[in-house]
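Down below is the structure, laid out as structure tokens.
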Amino acid sequence: MAEIKVPLPTGSKFGERTAVIAILRELGTADIVGAGEDSEKCVLGPDGQYHLVVSPTLSGLHLLRRQIKRLEDAGGTVMDGPLDVPMFFRLAPEDFLAIQQAAETMDKAGQEALDRMSERGRGAPPS
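Per UniProt numbering, the very first residue in the sequence shown carries number 1; after that it's consecutive.
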């Protein structure tokens with residue numbers, strides 16, 4: 001699985017440690033399913049029936065927190081991911097944005113690779 005190293009512009013404090021690097025990894029099927037499950041909520045509908053609804057915001061949060069393989073402080077001490085929700089919320093806004101942008105770049109690269117694979121082996125159409 002591909003990984004990407006993301007410098008954190010602000011540095012996020014976790015107890016005595018300040019994370020300055022995030023290592024992101026590609027998402028797998030289990031990550032996607034787990035994020036979906038964590039994003040579900042049972043609500044009572046106007047019809048009197050209970051329904052499962054999924055929050056797109058929470059789904060994105062749970063995907064991104066799972067994508068963080070580890071955080072590192074300046075001394076190289078590792079804080080293993082995935083981050084739990086309270087820890088994820090302690091990320092400085094600038095650090096969150098850097099991680100989110102890197103994850104989007106990683107996702108685009110993965111999609112481009114899939115697109116290239118789908119084109120592989122396709123020659124000129126028969127005449």
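Glycine is no exception: its CB is placed at the ideal position from the N, C-alpha and C atoms.
Distance from the Cα of residue 87 is smallest, within the candidate group 68, 9 and 33, for 68. Bridge partners of residue 18 according to DSSP: 13. With contacts defined as CB atoms closer than 9 Å, residue 12 and residue 91 qualify as a contacting pair.
From the listed residues 16, 51, 96 and 73, the smallest Cα separation to residue 85 is found for 96. If you look at residue 44, you'll find it in the beta strand (DSSP E) that goes 40-44. In the structure shown, residue 79 falls within a strand segment according to DSSP collapsed to helix, strand and coil.
Here residue 19 is near residue 79, since their CB atoms are less than 9 Å apart.
Excluding five sequence positions before and after residue 44, the CB atoms of its chain that fall closer than 7 Å to its own CB belong to 50, given in chain order.
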